[in-house]
Amino acid sequence: MIGLRSSRLERVAALAAHCDDLPIGAGGTLLTICSARPGIRVDALVLSGGGTEREDEERAALAAFCPGADLRVTVLKMPDGRLPAHWDEAKAAVEELRAETDPDLVIGPWTGDAHQDHRGLAKLIPTAFRDHLALGYEIAKWDGDLGRPSVYQPLEPEVAEKKVALLHEHYASQRHRPWYDREAFLGLARIRGIECHARYAEAFYVNKLTLDLAGG
């Protein structure tokens, strides 16, 4: 397993179509980054859920998943499952986020996601963040769209456990869903951990990655 480490990580842009997407797909990674880098700036954009209880859940959850960060959260009001019909609005939101920050890392959904909102946002990200390292997170779902990611963030066991605890604590509106449980979240993390010689991990997709092996 080959590892690459970033010496410069001061700003992160995190994007999601729905409230809870970011913590489910990359909550352990956000915990890891923010715990290691107090004061790091995190700009989060969520396209739907604004003005509802879901926005309240999301703001509280992201504050917990980004401890000590300079966190800035925007939650919009696009209808769930209708991103293709609101393409211009979504595009404008992503462009506005780009105008506000020049991140060292972008975290968002991946283009192979079966949910049309996730997939649509994933396609928009490189149109605005053209020269940035962008990691696409995965979310287990009924569609069975899990693939073969190639980028892993190992999670310490206590981080994986904290991720699950925070998901349960902050998203009361989702607890009734049959897939929203400890086994699902830790199970996928355990499988991804096996794939990168760790106990637990979150996995990501990357479209382009530029190396600087000279270390200049």
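Numbering of the sequence shown is given in the working numbering, commencing with residue 29 and proceeding in unit increments. All residues carry an ideal CB built from backbone N, CA and C; glycine is no exception. Note that the coordinates shown come from a computational prediction; the quantities given were computed from them, not determined experimentally.
Buried or exposed by the 16-neighbour rule on C-beta atoms within 10 Å, applied to residue i
i	result
Arg205	exposed
Thr155	exposed
Asp171	exposed
Thr57	buried
His46	buried
Gly215	exposed
Gly96	exposed
His146	buried
Leu239	exposed
Val234	exposed
Pro51	buried
Glu81	exposed
Ala193	exposed
Lys236	exposed
As assigned by DSSP and simplified to three states, the class of residue i
i	result
Glu166	coil
Asp49	helix
Gly98	The question names Gly, but residue 98 is Asp in the sequence shown. It is a strand residue.
Arg147	helix
Ala6	Missing from the structure shown is residue 6; the chain here goes from 29 to 244 and no further.
Pro185	helix
Ala44	strand
Arg65	coil
Arg36	coil
Pro154	helix
Arg126	helix
Thr60	helix
Ala242	coil
Lys236	coil
In DSSP terms, what residue i is bridged to
i	result
Val103	Val74
Pro112	DSSP, once it has assigned bridges, lists no residue as partnering Pro112.
Phe93	For Phe93, which the question treats as bridged, DSSP gives no partner whatsoever.
Pro137	Tyr165
Segment limits, beta strand (DSSP E) that includes residue i
i	result
Arg176	Element bounds for Arg176: n/a, residue is neither H nor E.
Tyr233	228-233
Gly79	Counting along the chain, Gly79 falls outside any beta strand (DSSP E), and DSSP gives it neither H nor E.
Reference residue i; option with closest CA among the options
i	options	result
Leu111	Gly215, Leu194, Gln144	Gln144
Thr129	Gly79, Ile52, Val70	Val70
His220	Tyr208, His198, Tyr165, Lys236	Sequence inspection shows Arg at residue 220; the His mentioned does not correspond to that position. Per the Cα distances, Tyr165.
Ile61	Ala118, Glu83, Lys236, Asp132	Asp132
Ala72	Pro137, Arg36, Leu241, Ala64	Pro137
Thr102	Pro95, Leu152, Gly109, Leu75	Leu75
Val179	Pro66, Gly148, Ala229, Ala150	Ala229
Glu189	Phe213, Pro177, Gly67	Phe213
Leu43	Glu86, Glu186, Pro185	Glu86
Endpoints, the alpha helix (DSSP H) within which residue i is located
i	result
Leu214	210-223
Any chain D beta carbon closer than 8 Å to residue i
i	result
Glu189	The structure shown contains no chain D; it holds only a single protein chain.
Near the ligand NAD: residue i beta-carbon under 7 Å from a heavy atom
i	result
Val234	Among the components modelled here there is no ligand, and therefore nothing to report on the ligand NAD.
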